[in-house]
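**Q**
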Amino acid sequence: MHTFILRRLLMMVPVLFGVMFVIFTLVYITPDDPAMIILGGDRAQPEAVAALRAEMGLDDPFLVQFTRYVARVLRLDLGTSFSTRRPVFDELADRFPNTATLAGLGVLLAIVAGIPLGILCSTKHHSIFDNIASMLGVVALSIPNFWLGLLLILFFSFNLRMLPVSGIGTPAHWIMPTLTVGLSAAGEFMRFSRSSMLEVIRQDYIRTARAKGQKESVVIFRHALKNAMIPVITIVGLSFGALLGGAVLTETVFAIPGVGSFMVHSIMTRDFPIIQGGVLMIAVAFSFVNLLVDILYALVDPRIRSQYK
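In structure tokens form, the structure reads like this:
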């Protein structure tokens, strides 16, 4: 198992190197001049722009600039923001906990609400409960996050005056954002867990367990559930990684100072160091989430665990 984890960590190196190469290349070919952006745009003097370009090394060849960028990243130096004049690492580190909190709460709500409901629907296949729950799952999956967030604000904040409109000051501030990202993910988790369980409970070994007189709860939770969880774990990991990438619309609607909303603002202001650092941080977080998912595979399924020994 330790060898597998080490091998996966080594595999992350070319992935992250590729991410750095792609994002640096995209910024390099962008027609906007970083030196001109720092000096105020069109108002900048040509002599000052030329001097700053020489100081920043922007006149050097592509490979020289990229090598210098990789060396800085290895020292955890992601550059300095054009707009705030603060280190990019500090800017992202200040905002990443907010995004991680939103993603974690949303996925936790989706797991608690979606997976048990999907398992229950699979045991009551084609019943009225299954039909209604499946319809609600499709509705939850289809509602746009920004629209749901605005509805929650109108109902709970303006009509009932129960919850704060925006911000992250208290636990009450996280209720509506969590519902906004969690309900959609819950519908997705419910559909995956339902279809996965339906496929497993039709297998021969489940029929054999029932023929031996096992209780239905033992058949479902001891024999079927673990084998049905592999696809569900995959979609949970992907959803959590996607939310770590920034629930941009939700952060914008509820004015949450997270990575997603900050990167959108940086794109609009052409703050290239923030864009590069943000994409790299998201890639690192997503890679570690995928590593965690692979480890969970081994914990859930003994057949996969035996391959690591």
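Just so we're aligned, residue -1 is where the sequence shown starts under our numbering, counting upward by one. Ideal Cβ placement from N, Cα and C applies to all residues, glycine included. Note that the structure is predicted; figures quoted are calculated from it, not measured.
Considering only their Cβ atoms, is the gap separating residue 99 from residue 218 smaller than 8 Å?
**A** Along the sequence shown, read from residue 1 onward, the residue named residue 218 stands at position 220. Along the sequence shown, read from residue 1 onward, the residue named residue 99 stands at position 101. Not closer than 8 Å, so no.
**Q** Ends of the alpha helix (DSSP H) at residue 18?
**A** Taking the sequence shown and counting its residues from 1, the one referred to as residue 18 is at position 20. Note, residue 18: alpha helix (DSSP H), 0 to 26.
**Q** Spatial neighbours of residue 3 within its chain, please: C-beta separation below 8 Å, excluding the five flanking residues on both sides.
**A** Mapped onto the sequence shown, residue 3 falls at position 5. Result list for residue 3: 289, 293, in chain order.
**Q** Answer with buried or exposed for residue 5, where buried requires no fewer than 16 other C-beta atoms within 10 angstroms of its C-beta.
**A** Start at 1 with the first residue of the sequence shown, and residue 5 comes out as number 7. Exposed, since its Cβ has fewer than 16 Cβ neighbours within 10 Å.
**Q** Report yes if the CB atom of residue 183 is closer than 8 Å to the CB atom of residue 108, and no otherwise.
**A** Sequence index remark: in the sequence shown, residue 183 carries index 185 (1-based). Sequence index remark: in the sequence shown, residue 108 carries index 110 (1-based). Yes, Cβ-Cβ distance for residue 183 and residue 108 is below 8 Å.
**Q** If I follow the unbroken alpha helix (DSSP H) through residue 80, where does it start and stop?
**A** For the purposes of this step, residue 80 is identified with residue 82 of the sequence shown, where counting begins at 1. Unbroken run through residue 80: none, as it is neither H nor E.
**Q** DSSP three-state call for residue 205: helix, strand or coil?
**A** Counting from 1 along the sequence shown, the entry for residue 205 is found at position 207. Correct three-state label for residue 205: helix.
**Q** Given this structure, state the Cα-to-Cα distance separating residue 254 from residue 239, to the nearest angstrom.
**A** Start at 1 with the first residue of the sequence shown, and residue 254 comes out as number 256. Start at 1 with the first residue of the sequence shown, and residue 239 comes out as number 241. Taking the straight line from one Cα to the other gives about 18 Å.
**Q** I'd like the ranges of any alpha helix (DSSP H) spanning at least 4 consecutive residues and lying wholly in the segment 154 to 225.
**A** The segment 154 to 225 contains these whole alpha helix (DSSP H) runs: 173 to 198, 202 to 209.
**Q** Assuming residue 226 contacts residue 195 under a Cβ cut-off of 8 Å, what Cβ separation, rounded to an integer in Å, is found between them?
**A** Within the sequence shown, numbered from 1, the residue matching residue 226 stands at position 228. Within the sequence shown, numbered from 1, the residue matching residue 195 stands at position 197. Rounded, the Cβ-Cβ distance is 5 Å, consistent with contact.
**Q** Going by C-alpha to C-alpha distance, which of 258, 117, 284 sits closest to residue 214?
**A** For this step, residue 214 is matched to residue 216 along the sequence shown. Closest option to residue 214, Cα to Cα, is 117.
**Q** Can you look up residue 274 in the DSSP assignment and give me helix, strand or coil?
**A** Within the sequence shown, residue 274 is the residue found at index 276, counting from 1. Residue state, collapsed to three classes: helix.
**Q** Since residue 147 and residue 168 should fall inside the 8 Å C-beta cutoff, what is the C-beta to C-beta distance between them, to a whole number of angstroms?
**A** On the sequence shown, residue 147 is found 149 positions in, with the first residue counted as 1. On the sequence shown, residue 168 is found 170 positions in, with the first residue counted as 1. Wrong, their Cβ atoms sit about 18 Å apart, outside the cutoff.
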